[in-house]
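Below is one structure, written out as structure tokens; the observations come after it.
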Amino acid sequence: MEGLILNEKNVRLQVLASDWEDAIRIGGNLLVEQGCAKPSYIEGIIHAVKELGPYIIITDGLAMPHTRPEEGALNIGCSLITLKEPVLFEGEDVPVKVMICFSAVDSESHMDILKMIVEFVERGLIDDIAKAETYEELLDVIQTN
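Each residue of the sequence shown is one higher than the last, beginning at 1 in the UniProt record's numbering.
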């Protein structure tokens with residue numbers, strides 16, 4: 001995949017999260033560290049999930065935490081985390097093991113991130129991504145399947 005959006009700064013593998021909120025904070029903090037979002041953006045995601053339900057779950061095992069730009073998005077960005085112990089969202093039966101957080105400043109700028117996520121799902125990569133132990137293994141999964 002050319003123009004890979006993921007890099008060693010925005011990927012964390014096999015992280016331990018106590019629950020879905022903790023997982024969102026971990027992924028969201030990577031956006032903050034990259035200068036793509038303010039801490040308020042993370043709180044905005046958590047608040048929205050509590051209010052609207054787990055709208056961020058895209059398919060079994062995969063969530064895409066995001067919220068409205070005005071909640072604190074500074075730039076377009078994304079992060080990918082895999083969870084050593086999958087987390088369950090209220091009202092859901094299948095736990096989430098991969099989270100791809102993103103921030104966008106308008107409705108178009110994040111289309112590359114969405115295309116990447118759709119490609120991962122269509123190619124059936126979520127389980128393999130979840131199993132990756134190193135960044136190199138993750139790249140192998142993404143680039144060879």
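Every residue, glycine too, gets a C-beta built ideally from N, C-alpha and C.
A quick note: this is a predicted structure, and the numbers were derived from the prediction, not measured.
Sorting LYS50, LEU16, GLU133, LYS38 by C-alpha distance to the C-alpha of PRO69 places LYS38 at the top. The continuous alpha helix (DSSP H) containing ARG25 extends over residues 20-33. Under a 10 Å Cβ-count criterion, LYS9 is classified as exposed, with fewer than 16 other Cβ atoms of the shown protein chains found around its own Cβ.
In its chain, beyond the 5 residues on either side, GLY53, PRO54 have a beta carbon closer than 8 Å to the beta carbon of GLY91. A buried status is given to HIS66, since no fewer than 16 other beta-carbon atoms sit within 10 Å of its beta-carbon. Within a 10 Å sphere around the beta-carbon of THR144 sit fewer than 16 other beta-carbons, which makes this residue exposed.
The Cβ neighbour count for SER103, taken over all protein chains shown within 10 Å, is at least 16; the residue is labelled buried.
Apart from sequence neighbours up to five positions away, the residues of its chain that approach ILE58 with a beta-carbon distance below 8 Å are MET64, ILE117, VAL121, ordered along the chain.
If you check the CB distance, VAL98 and GLY124 do not come in under 8 Å.
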